[in-house]
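Worksheet: one structure, shown below.
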Amino acid sequence: MLQQYQNILVPVDGSKVTEEVLKRGIEVAKRNQTHLDILNVLEVNQFSDTYGGAVSGDVIYKLSEDVQKRLEELKQQAIDAGVSDVEMHVRFGNPKTVIAREFPADHHNELIMIGSTGLSAVERLMVGSVTTYVSRNAVCDVLIVKPDK
22 MLQQYQNILV
32 PVDGSKVTEE
42 VLKRGIEVAK
52 RNQTHLDILN
62 VLEVNQFSDT
72 YGGAVSGDVI
82 YKLSEDVQKR
92 LEELKQQAID
102 AGVSDVEMHV
112 RFGNPKTVIA
122 REFPADHHNE
132 LIMIGSTGLS
142 AVERLMVGSV
152 TTYVSRNAVC
162 DVLIVKPDK
């Protein structure tokens, strides 16, 4: 029996694989005539580390505004490609737990389509791969999208 997904989550992080992951997410959403959630998770403590703990509300607001604008473009891309039911979301928190558990539980996602990695080998060693965590701990099915070589 063919699995029919009604609610697909595509987390995006602005890395090079974002375009490929979204493109494939759009294809699956169209084929299944289903709802598509596009999610970007902002990890606030990543900024406090980077900026010496002095992150103003203005910095976070500007950043979330930029992300919102980018998500609008991605949403329009999905609509232009023929996906009629698409929403974009910005969440603050740990990307691993938000993507694997919190967001899918809140939005009843049945499939998470995530890029194989947005990090360099060194970054993966230091922070661990979000994709690895999600594939092991997700509350629903996970499809890992490998970018074309």
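Position one of the sequence shown corresponds to residue 22 (our numbering), numbered consecutively onward.
Note that CB positions come from ideal geometry on N, CA and C, so glycine has one too.
All figures in this text were calculated on a predicted structure; none of them were measured in a lab.
Does the separation of the CB atoms of residue i and residue j fall below 8 Å?
i    : j    : result
V119 : L92  : no
N53  : Q25  : yes
K37  : A102 : no
E123 : D58  : no
L63  : V88  : yes
I135 : V42  : yes
S156 : V166 : no
V151 : K117 : yes
Which one or two residues does DSSP pair with residue i in a beta bridge?
i    : result
D162 : L132
P32  : L60
Measure the beta-carbon distance from residue i to residue j and round it to whole angstroms, keeping in mind my assumption that it falls under 8 Å.
i    : j    : result
N28  : E131 : 5 Å
I133 : L30  : 5 Å
N158 : A121 : 4 Å
Any beta strand (DSSP E) of 3 or more consecutive residues that is wholly inside the segment 40 to 123:
Whole beta strand (DSSP E) segments, 3+ residues: 56 to 63, 107 to 113.
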